[in-house]
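Asks:
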Amino acid sequence: MSESAATPLLFTPLELRGIELPNRVVISPMCQYSATNGLANDWHFQHLGRFAGAGLVFTEATAVEARGRITHGDLGIWSDDHAEALRRITRYLKDRGAVPGIQLAHAGRKASSRRPWDGGAALDDSDAAAGEPPWESVAPSAISPFDGARPPRALDAREIAAIVDAWGSAALRAHETGFEVVEIHAAHGYLLHQFLSAVSNRRDDAWGGSLENRMRLPLRVAERVRRVWPREKPVFLRLSASDEGDPSWTMDEVAVFVGELQKLGVDIIDCSSGGIGAHGFAIRGRREPGFQVGLAEEIRRRTGVRTMGVGLITGARQAEDILRRGQCDLVAIGREALYDPYWALHAARELGADPDFRLWPNSYGWWLAYRSRTVGTGSETPPATFSYLEEERTHR
Ligand SMILES: Cc1cc2nc3c(=O)[nH]c(=O)nc-3n(C[C@H](O)[C@H](O)[C@H](O)COP(=O)(O)O)c2cc1C
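Adding 113 to a residue's 1-based position in the sequence shown gives its number in this note's numbering.
1) For Arg419, is the classification buried or exposed, using 16 other Cβ atoms within 10 angstroms of its Cβ as the cut-off for buried?
2) On the three-pair Cβ rule with 8 Å, is the segment 247-262 touching the segment 162-178?
3) Do Gln440 and Pro402 have their CB atoms nearer than 8 Å?
4) How would you call Val423, buried or exposed, if buried means at least 16 neighbouring beta carbons within 10 angstroms?
5) Using a Cβ-based criterion (distance less than 7 Å to any ligand heavy atom), does Ala335 qualify as near ligand 1?
6) Would you kindly check if the distance between the Cβ of Val371 and the Cβ of Thr416 is under 8 Å?
7) Which of the three DSSP states is assigned to Arg419 in this structure?
8) If we ignore side chains and look at the alpha-carbon of each, how far apart do Arg266 and Gln159 end up?
9) What does DSSP give as the partner residue(s) for Val251 in the beta ladder?
10) Leaving out five residues before and five after Thr125 in sequence, what residues of the same chain have Cβ atoms less than 8 Å from its Cβ?
11) Report the partner residues of Arg201 according to the DSSP bridge assignment.
12) Might you give, ordered along the chain, the residues of its own chain that have their beta carbon closer than 6 Å to the beta carbon of Arg315, omitting 5 neighbours on each side?
13) Pull the bridge partners of Gln216 from the DSSP assignment, please.
14) Given the structure, does Gln440 come close to ligand 1, in the sense that its CB is under 7 Å from one of the ligand's heavy atoms?
15) Checking the sheet assignment: what are the DSSP bridge partners for Ile382?
16) Which of the three DSSP states is assigned to Thr74 in this structure?
17) Say yes only if the C-beta of Leu425 is nearer than 7 Å to one or more non-hydrogen atoms of ligand 2, and no if none qualify.
18) So which of Thr184, Leu206, Ile256 has the shortest CA-CA distance to Gly232?
19) Heavy atom of ligand 1 less than 7 Å from the Cβ of Ile446, yes or no?
20) Using the three-state DSSP reduction, which class does Val341 fall into: helix, strand or coil?
21) Let me confirm a value: Tyr303 is counted as buried when at least 16 other C-beta atoms fall within 10 Å, else exposed. Which label applies?
22) So, under 8 Å CB-CB, Ala409 and Glu463 are touching, yes? Tell me the CB distance rounded to an integer number of Å.
23) Only counting the same chain, and skipping five residues up and downstream in sequence, which positions put a Cβ closer than 7 Å to that of Ala300?
24) Would you mind working out which of Phe349, Met143, Asp359, Ile382 sits nearest Arg414, comparing C-alpha positions?
25) Leaving out the 5 sequence neighbours to the left and right, which residues in its chain are closer than 7 Å to Thr507 when beta-carbon positions are compared?
26) Determine, using beta carbons only, whether Ser310 and Asp359 come nearer to each other than 8 Å.
27) Nearest CA to the CA of Leu122: which residue from His459, Trp280, Leu443?
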């Protein structure tokens with residue numbers, strides 16, 4: 114077997130600053146809309162815990178302040194209690210050999226919404242009657258995200274500075290809670306993307322207008338996060354590299370933005386798309402496997418930054434090929450991990466990176482290895498230390 118066949122790139126560790134990702138499978142941030150008052154609970158623990166096996170497991174978008182939640186069910190990290198509720202998740206993931214990552218976010222004008230399965234529209238009095246009142250959303254300009262939605266309030270300069278502080282405090286808390294990677298959510302039409310986009314940002318002060326001004330808040334946030342986040346821990350930033358609702362946000366502008374982020378010490382650009390229109394995440398149109406990977410590839414080629422690809426990456430060989438072609442450095446798995454939480458472990462098997470189930474916890478892996486040695490072979494005997502079947506027979 115050639116060396117390249119023996120060592121799939123997907124299961125080759127990647128060093129980022131002082132952190133080693135054991136493999137290049139990343140669980141993409143996925144809102145669960147299942148928190149109460151922003152606090153993580155048993156759902157989040159078991160949801161994220163199952164993904165260990167992936168090298169890096171991201172929390173869902175975690176709000177840096179209460180009004181930056183999309184829905185009442187979003188996670189937050191705007192207080193020490195919120196951080197404490199996340200601690201057992203970071204501890205468990207590390208115990209299982211995965212790197213815990215947190216995505217920090219602020220929904221801006223997309224805040225105060227219903228959960229997707231309740232239609233995703235802006236909260237109103239009927240929700241208030243059911244115990245989930247609307248709250249005031251904020252944005253660069255008072256422009257509604259959707260037809261019929263109440264317009265957000267435009268932030269003033271003092272409030273913008275306070276939001277930068279909130280990102281810094283959230284990042285510090287995340288570090289103290291044991292997260293090893295932080296991702297700044299600047300995609301999908303949320304607050305930082307709203308500042309970047311000329312569609313949602315019509316300001317005529319230092320925070321709007323030219324690209325330099327529209328980039329100012331995301332760059333300030335990146336600068337602040339990088340400042341409080343330890344030097345040995347990587348910073349990721351997710352952006353929408355293309356948006357059908359915003360023709361002015363071109364790859365040329367994206368490349369300038371990424372260049373500035375590189376200067377500030379952002380390590381990985383997580384390349385998604387869409388969101389400035391009514392759509393939640395990803396550009397509209399025909400979905401094909403790996404439909405956003407080309408964006409990651411182009412950004413990587415134009416700027417030299419390391420990138421993460423995401424969007425309908427579902428197969429182990431597909432992921433391996435994407436990495437081998439040099440399109441990106443990491444692959445993020447979203448919905449396929451909801452379908453198969455052990456995606457990374459199964460991919461390792463498929464690519465021949467884990468013939469003996471060593472990546473699995475002993476409680477499962479030992480049995481599965483035994484089964485794979487015996488089932489269908491007809492000739493193998495249990496390992497010398499193996500007594501379970503004997504005991505079972507004795508007790509029958
Ligand atoms: C249930 C769900 C929740 C999501 N929540 C987030 C989120 O919190 N932050 C984010 O950046 N993207 C979020 N996304 C987008 C995913 O991270 C990912 O980019 C998208 O699902 C495309 O990848 P996939 O085809 O592998 O699912 C979410 C997607 C889903 C399905």
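A virtual CB, placed ideally from N, CA and C, is assigned to each residue, including glycine.
Replies: Looking at the coordinates:
1) Counting Cβ neighbours within 10 Å, Arg419 comes out buried, since at least 16 surround it.
2) no
3) no
4) buried
5) no
6) Against a cut-off of 8 Å, the Cβ pair of Val371 and Thr416 comes out as a contact.
7) strand
8) 37 Å
9) Arg266
10) Asn136, Arg137
11) DSSP lists no bridge partner for Arg201.
12) Once the five neighbours on either side are set aside, the close Cβ partners of Arg315 are Ser254.
13) Ala174, Glu296
14) no
15) Leu350, Thr420
16) The first residue shown for the chain is 114 and the last is 509, placing residue 74 beyond what the model contains.
17) In the structure on display, ligand 2 does not appear, and the ligands it does have are ligand 1.
18) Thr184
19) yes
20) helix
21) buried
22) Not really, about 23 Å apart at Cβ, beyond 8 Å.
23) His306, Arg351, Leu352, Ser353, Ser385, Gly388
24) That would be Ile382, whose Cα lies nearest to the Cα of Arg414.
25) At Thr507, the pLDDT of 38 sits below 50, so the modelled position is not reliable; the number obtained from the coordinates is stated separately. The beta carbon of Thr507 sits closer than 7 Å to no other beta carbon from its chain once the five residues preceding and following it are set aside.
26) When the beta-carbon positions are compared, Ser310 and Asp359 come within less than 8 Å of each other.
27) The shortest Cα separation from Leu122 among His459, Trp280, Leu443 belongs to Leu443.
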